[in-house]
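K.L.:
The structure under discussion is supplied below as structure tokens; questions concerning it will follow.
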Amino acid sequence: MDRKRRKISILLAVIILLSFLAYNSKAEDNYIIGEEDVLDIFVWNNPDLSRKVTVRPDGMISLPLVNDVKAKGLTPMALRNVLIKKLSEFVETLDLTV
126 MDRKRRKISI LLAVIILLSF LAYNSKAEDN YIIGEEDVLD IFVWNNPDLS
176 RKVTVRPDGM ISLPLVNDVK AKGLTPMALR NVLIKKLSEF VETLDLTV
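According to our numbering, the sequence shown is numbered sequentially starting from 126.
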């Protein structure tokens, strides 16, 4: 009986964890970047391009190679796509997260 309870407890914990992760993922998908937001831009295998940036009052962020990019009003995924497009002119293989 104890073994069965333990399995059920573990299963419940996993279900709760997965539902929490799914909720957070949806919240991030809907998040709109605003002024003074601090964004962590990570370019895989390219530490010179990876950095923490703050969205300026004009809605822009500054990054090497692409200079100013509008971030305000975009979701993190939309900004990621813009940055990949702009940086792909300079970097061949590109994987980026915001």
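A virtual CB, placed ideally from N, CA and C, is assigned to each residue, including glycine.
Report buried or exposed for residue 163, applying the criterion of at least 16 other Cβ atoms within 10 angstroms of its Cβ.
P.N.:
Under this definition residue 163 is an exposed residue.
K.L.:
Compare the C-alpha of residue 201 against each of 181, 171, 156 and 160 and name the closest.
P.N.:
Closest option to residue 201, Cα to Cα, is 156.
K.L.:
What three-state label does DSSP hand residue 190 in the structure shown?
P.N.:
Looking at residue 190 - three-state DSSP - the assignment turns out to be coil, as it is neither helix nor strand.
K.L.:
So, is residue 152 buried or exposed, given that buried needs 16 or more other C-beta atoms within 10 angstroms?
P.N.:
Only weak support exists for where residue 152 lies, its pLDDT of 49 falling under 50; the value from the coordinates is given anyway. Residue 152 should be labelled exposed.
K.L.:
For a test of the three-state rule: what should DSSP assign to residue 222, helix, strand or coil?
P.N.:
Residue state, collapsed to three classes: strand.
K.L.:
Who pairs with residue 200 in a beta bridge, going by DSSP?
P.N.:
None, per the DSSP bridge assignment.
K.L.:
Which of helix, strand or coil does DSSP assign to residue 166?
P.N.:
Note: residue 166 maps to strand in three-state DSSP.
K.L.:
What residues match up with residue 176 in a beta bridge as DSSP calls it?
P.N.:
In DSSP, residue 176 forms a bridge with 166.
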